[in-house]
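Accompanying notes for the structure given below.
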C-alpha cells in the first residue's frame with residue numbers, strides 16, 4: 010500500500026510517533042487528545058500540500074512526529090510482518106488461564122505459538138499440559154496454536170507481550186467499591202518492572218496490558234520504559250502506540266447485555282459506543298446519532314456495577330473480562346480490525362475503537378454530540394489527574 014508521510018513536531022509524551030490521519034486537522038498544531046475522536050473540535054483545517062489532501066480520503070497518510078527520537082522505528086511498527094504472530098503471556102492466574110484458553114481455541118490462523126510464564130512453575134506446567142491436550146479430533150490435531158513455557162529471558166522474544174499479572178485483588182466481601190483503583194499501587198511497580206525489561210530487550214512488538222486498572226497502568230508502562238539512567242524521559246523505550254490497554258471490550262459487552270433486557274437501550278446495538286477506562290470515568294453512549302444523556306448515564310451506571318453483581322454472588326468477575334476485553338479484542342487487533350482498547354491520547358490511555366493499519370494507528374472519528382463530548386473531556390481530565 011502506498012502511503013504519504015507528513016511530518017509534524019509535537020511533544021513526544023503527548024502524541025503517537027506515527028498514526029493514520031483520518032482528518033486533515035489531525036495533522037495540525039493540536040497534540041493528540043479526545044478532540045482527535047471528533048476532529049471538528051480541533052479548529053480550522055490547516056493548509057496542507059495537495060498530495061497530502063488527495064491521499065487523505067484513501068487512508069494513505071501517515072502523520073509522523075519527527076520530534077520523537079524513534080520516529081523511524083515507528084514507521085516499521087506500523088507495517089508489521091505478515092503471518093501468524095507469536096504471543097507471550099504473563100501470568101496464568103484467574104484472568105490469564107481463561108484468556109489462554111480462549112486464545113488457544115480462537116487463535117488458529119492468527120497465532121502461531123503462545124508462550125506462558127508465571128512465578129508458579131507448577132501452574133505453568135499444568136497449563137502447558139492441559140492446553141496440549143486440546144485438539145479438534147480426529148483430523149485437525151495441529152490446527153490450534155501450540156502452548157509452551159518460556160523463561161524470563163525469553164519473555165520479549167515475541168510479537169505480542171500480554172501483561173496479565175497482579176499482586177492484589179481485594180477479596181469478595183471486602184467492601185471495596187472500586188476494586189480496580191485499589192489495585193493500582195500494588196500493580197504499578199510490577200508493571201513498571203516489565204516495562205523496563207521491555208526497554209532492555211529493545212522490544213519492538215505490542216505491549217498489551219490486561220491487569221487492573223488498565224488505563225493508568227498503560228501510562229505507567231510507557232513512562233517507565235522511557236526513563237533513561239538519569240531518571241528523565243528520553244523516549245528511547247516503548248513507542249506510545251506500542252502500548253495498548255484491553256479493558257473496554259467487556260464494558261461494551263456488559264452494556265449490550267443490559268440493552269438486551271431493556272428496549273429503551275436497543276439503539277446501543279447499532280449506534281452505541283463505549284469510551285474511556287475500564288472503571289470510573291467510563292462513558293457509554295446509547296447512540297451517537299440520537300444521543301440521550303439520561304439514558305446513556307443510566308446504561309453507564311449499570312455497566313459499571315455489573316462486576317459488583319457478580320461479586321454479590323460470591324465470585325470474582327474475571328471470566329467475561331478475560332474473553333471480551335482480552336482474547337477477542339486481542340485477536341481483532343492482530344487481524345488489523347476495529348477493536349475496543351485504550352490507545353495513547355495526549356499523555357493518557359483512552360478507551361475507544363481503533364485499529365492498526367499499514368499507515369499507522371487509526372482512531373475511529375465521529376461527529377459527537379456536545380453533551381457526549383463533554384463527558385469525554387471530563388474523563389480525559391480525570392485520567393490526567395490519576396497519572
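Residue numbers (my numbering): 10 to 396. No residue lacks a Cβ here, since even glycine has one placed at the ideal position from N, Cα and C.
(request) Would you kindly check if the distance between the Cβ of residue 200 and the Cβ of residue 218 is under 8 Å? (result) Within the chain shown, numbered from 1, the residue matching residue 218 stands at position 209. Within the chain shown, numbered from 1, the residue matching residue 200 stands at position 191. Yes. Within cutoff.
(request) Could you check the C-alpha separation between residue 36 and residue 377 for me, to the nearest Å? (result) Within the chain shown, residue 36 is the residue found at index 27, counting from 1. Within the chain shown, residue 377 is the residue found at index 368, counting from 1. Cα to Cα, the separation comes out at about 20 Å.
(message) Rounded to the nearest angstrom, what separates residue 239 and residue 305 at their Cα positions?
(response) As a working note, residue 239 is residue 230 in the chain shown. As a working note, residue 305 is residue 296 in the chain shown. In a straight line, the C-alpha of residue 239 is about 46 Å away from that of residue 305.
(request) Please classify residue 317: is it buried, with 16 or more other beta-carbons within 10 angstroms of its beta-carbon, or exposed? (result) Against the chain shown, residue 317 aligns to sequence position 308. So residue 317 counts as exposed.
(request) For the beta strand (DSSP E) containing residue 324, list its first residue and its last residue. (result) Counting from one through the chain shown, the residue named residue 324 turns up at place 315. Note, residue 324: premise wrong, no beta strand (DSSP E); not H, not E.
(message) Along the chain, where does the beta strand (DSSP E) containing residue 15 start, and where does it finish?
(response) Counting from one through the chain shown, the residue named residue 15 turns up at place 6. 13-17 is the extent of the beta strand (DSSP E) around residue 15.
(request) Note down the Cα distance separating residue 7 from residue 243, rounded to an integer number of angstroms. (result) This structure gives no information on residue 7, because the portion of the chain shown stretches from 10 to 396.
(request) Give the straight-line distance between the Cα atoms of residue 275 and residue 380, rounded to the nearest whole angstrom. (result) What you label residue 275 is simply residue 266 of the chain shown in a count that begins at 1. What you label residue 380 is simply residue 371 of the chain shown in a count that begins at 1. Each residue's alpha carbon lies about 20 Å from the other.
(request) Classify residue 149 as buried or exposed, calling it buried when 16 or more other Cβ atoms lie within 10 Å of its own Cβ. (result) Your numbering for residue 149 matches position 140 in the chain shown. Exposed, by the Cβ-count rule.
(message) Quick check: the Cα distance between residue 308 and residue 370, rounded to an integer number of angstroms?
(response) Your numbering for residue 308 matches position 299 in the chain shown. Your numbering for residue 370 matches position 361 in the chain shown. Distance between the alpha carbons of residue 308 and residue 370 is about 29 Å.
(request) Evaluate residue 298 with the Cβ neighbour count: other Cβ atoms within 10 Å of its Cβ, from every protein chain shown; 16 or more gives buried, anything less gives exposed. (result) In the chain shown, residue 298 corresponds to position 289, counting from 1. Burial call: exposed.
(request) Give every residue of the same chain whose Cβ lies closer than 6 Å to the Cβ of residue 261, excluding the five residues on either side of it in the sequence, and list them in chain order. (result) Start at 1 with the first residue of the chain shown, and residue 261 comes out as number 252. So the list reads 283 and 349, once near-sequence residues are dropped.
(message) Going by DSSP in three states, residue 319 sits in which element: helix, strand or coil?
(response) Here residue 319 refers to the residue found at position 310 when the chain shown is read from its first residue. Correct three-state label for residue 319: helix.
(request) Examine chain B for any beta-carbon lying closer than 8 Å to the beta-carbon of residue 331, and answer yes or no. (result) The chain inventory of the structure shown lacks chain B, comprising one protein chain alone.
(message) I want to check one thing, is the minimum distance from the CB of residue 318 to the heavy atoms of the ligand MG below 7 Å?
(response) Of the ligands one can find in the structure shown there are none, so the ligand MG has no counterpart to examine.
(message) Please return the same chain residues whose Cβ sits closer than 6 Å to the Cβ of residue 398, not counting the five positions on each side in sequence.
(response) The displayed coordinates of the chain run from 10 to 396. Any statement about residue 398 would go beyond what the structure contains.
(request) Count the C-beta pairs between the segment 321-338 and the segment 251-259 that are closer than 8 Å, then say yes if the count reaches three, no if not. (result) The segment 321-338 makes contact with the segment 251-259; the number of CB pairs closer than 8 Å reaches 3 or more.
(request) Within the segment 269-354, note down every full beta strand (DSSP E) run reaching 3 residues or more, in order along the chain. (result) For the beta strand (DSSP E) assignment, the uninterrupted runs of no fewer than 3 residues enclosed by the segment 269-354 are, from N- to C-terminal side, 282-284, 292-294 and 348-354.
(message) Quick check on residue 138: buried or exposed, where buried means 16 or more other Cβ atoms within 10 Å of its Cβ?
(response) Translated into the one-based positions of the chain shown, residue 138 becomes position 129. So residue 138 ends up on the exposed side.
(message) Give me, in chain order, the residues of the same chain whose beta-carbon lies closer than 8 Å to that of residue 346; leave out the 5 immediate sequence neighbours on both sides.
(response) Position 337 of the chain shown, counting from 1, holds the residue named residue 346. Same-chain partners within the cutoff: 364.
(request) Please state whether DSSP places residue 164 in a helix, a strand or coil. (result) Here the question's residue 164 lines up with position 155 in the chain shown. Residue 164: coil per DSSP, three-state reduction.
(request) Specify whether the segment 105-113 and the segment 60-67 touch according to this definition: at least 3 beta carbon pairs, one from each stretch, less than 8 Å apart. (result) Not touching, per the Cβ criterion.
(message) Here's a check: name, in chain order, each residue in its chain whose Cβ is nearer than 6 Å to the Cβ of residue 170, leaving out the five neighbours to either side.
(response) Numbered from 1 along the chain shown, position 161 holds the residue referred to as residue 170. Excluding positions up to five away in sequence, the list reads 97 and 216.
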